[in-house]
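In numbering that gives the first Met the number 0, the protein residues as written are 0 to 349.
These notes concern the structure reproduced below.
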Amino acid sequence: MKIKKVPLAIALTAYGSFACGNLAATPFPMNNPEFGLVIHGGAGTISPEKITPIKRQMIEKTLSHALTSGYAILESGGTSEDAVVAAVRVLEDSPLFNAGKGAVYTFDEVHELDASLATGHDRQAGAVSGVKTVKNPIELAQQIKNNSVHVMLSGEGAQDFAQQQGIALVDNDYFDTKSRFEALKRVKEKLAKSKTISQYQANHRALEDAFKMGTVGAVALDKNGNLAAGTSTGGMTAKRFGRIGDSPIIGAGTYADKQCAVSATGHGEYFIRYQVTTDICKRFTYLQEPLEQAAQHVIFNVLDKNGGSGGVISMDSVGNIAMPYNTSGMYRGYQTANKGRFIAIFKSDK
């Protein structure tokens with residue numbers, strides 16, 4: 000009798016789910032396959048006192064809309080790639096999040112947007128950085144992935160490619176919002192007190208996480224067992240000199256392979272230095288750590304201990320989910336075939 004071999008990573012993931020208690024969710028029965036979507040709208044110094052009930056309701060409603068848009072694609076048999084793009088596009092269209100319409104201002108009082116998309120089954124990816132007129136950068140990242148010989152495009156060249164691909168373009172002031180401009184003025188006031196480069200650097204490091212962070216993203220697993228991840232951002236408030244964060248960098252802000260997919264949000268310089276999304280998936284694959292354990296280790300034992308702040312959303316090929324963060328809050332949620340829907344901001348949200 001011929002015995003069918005089970006891939007080691009899947010077998011050990013299943014073992015870890017039972018052996019490690021709450022470190023990983025029990026894998027789904029093979030006759031009832033899991034599929035689902037995980038999203039985030041950024042992590043940072045988010046406190047219950049600063050979010051009014053009305054604003055919280057608006058945030059949760061938009062997160063719910065993003066889940067509905069992406070999950071409907073998965074439920075109908077669509078791809079994880081299309082589900083991720085649909086979910087991220089909803090968040091980009093909202094002024095509540097630092098991506099697309101709600102993008103922060105650069106030091107020069109304009110908006111520069113970044114995004115990336117990765118699919119796990121074929122290890123393909125597309126990324127865009129520093130665009131100023133692309134309404135939905137996640138759509139451009141998808142077009143780069145599918146229709147370009149390159150992985151990452153930037154600036155005017157990326158915008159030219161977007162026009163060739165029929166991507167919607169807008170004037171840069173489309174991204175203007177009053178709250179983001181007021182935030183820019185506060186940052187400039189703090190940085191203006193710097194008299195030397197070292198003082199400027201120290202004052203910049205001392206800025207609140209709210210000025211450094213803010214990203215949206217999604218991770219999905221479809222009915223065919225394929226994973227995808229996407230991330231989009233307006234970057235850091237008052238960024239200068241064409242600064243690029245982690246969001247468009249595959250392996251730092253976004254990563255997907257056959258076993259694991261991750262989208263990150265946080266202080267991008269640290270996510271780049273420590274290759275956060277890659278590290279999580281490689282710990283999962285090579286060390287056979289349950290997804291939750293791998294994600295927790297990187298966020299708390301690597302990122303946090305070295306001064307980095309932020310969080311991730313992640314999913315493995317059998318539907319386990321991990322959403323750790325080391326900040327006071329992270330806008331996040333998921334919807335899966337077996338777990339239902341969950342939306343949260345703070346650790347106390349159940």
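Even glycine gets a Cβ: it sits at the ideal position worked out from N, Cα and C.
All figures in this text were calculated on a predicted structure; none of them were measured in a lab.
C-alpha of Asp172 to C-alpha of Val133: approximately 12 Å in a straight line. For the options Ile53, Val83 and Gly306, the alpha carbon positioned closest to that of Met314 is the one of Val83. Where Thr277 is concerned, there is no enclosing beta strand (DSSP E), although the alpha helix (DSSP H) around it starts and stops at Val275 to Tyr285. With contacts defined by Cβ atoms closer than 8 Å, Ser46 and Ser327 form a contacting pair.
Counting C-beta pairs with one atom in each stretch, the region 250 to 260 and the region 116 to 128 have three or more that are closer than 8 Å, which means they touch.
Collapsing the DSSP output to three states places Arg122 in coil. Residue environment for Gln56: exposed (fewer than 16 other C-beta atoms within 10 angstroms of its C-beta). Taking the CA atoms as reference points, Ala98 sits about 17 Å from Ala161.
Between Gly154 and Gly129, the C-beta spacing is below 8 Å. Between the beta-carbon of Val89 and that of Ile312 there is about 15 Å, and that puts the pair past the 8 Å contact cut. Between the C-alpha atoms of Tyr269 and Gly306 there is a straight-line separation of about 8 Å. The beta carbon of Ala124 sits closer than 7 Å to those of Ser115, Leu116, Ala117, Lys144, Val150 and Ile249, all from its chain and outside the five residues before and after it, given in chain order.
Short of 8 Å from the beta carbon of Asp303, and not among the five residues preceding or following it, lie these beta carbons of its own chain, in chain order: Asn325. When C-alpha distances from Ser79 are compared across Val261, Ala343 and Phe345, the shortest belongs to Val261. Counting along the chain, Met57 sits inside the alpha helix (DSSP H) bounded by residues Pro52 to Glu74.
DSSP, reduced to helix, strand and coil, places Gly213 outside both helices and strands of the structure shown, so it counts as coil.
In the structure shown, Asp172 adopts helical secondary structure according to DSSP, grouped into three states. Per DSSP, Leu226 lies in no alpha helix (DSSP H); the unbroken beta strand (DSSP E) holding it starts and ends at Leu226 to Thr232. Under a 10 Å Cβ-count criterion, Thr51 is classified as exposed, with fewer than 16 other Cβ atoms of the shown protein chains found around its own Cβ.
Taking the Cα positions, Gly156 is about 15 Å away from Pro247. In the displayed model, Arg242 falls within coil according to three-state DSSP, outside both helix and strand.
Minimum Cα-Cα distance from Arg331 among the listed residues Leu66, Glu48, Glu33 and Lys54 corresponds to Leu66. With contacts defined as CB atoms closer than 8 Å, Thr61 and Leu95 qualify as a contacting pair.
For Val83, the enclosing alpha helix (DSSP H) covers residues Ser79 to Glu91. Spanning the alpha carbons of Arg239 and Glu48 requires a straight line of approximately 31 Å. Of Ala219, Leu220, Gly234 and Asn146, the smallest CA-CA separation from Gly213 is found for Gly234.
Distance from the CA atom of Ala86 to the CA atom of Glu111, rounded to whole angstroms, is 21 Å.
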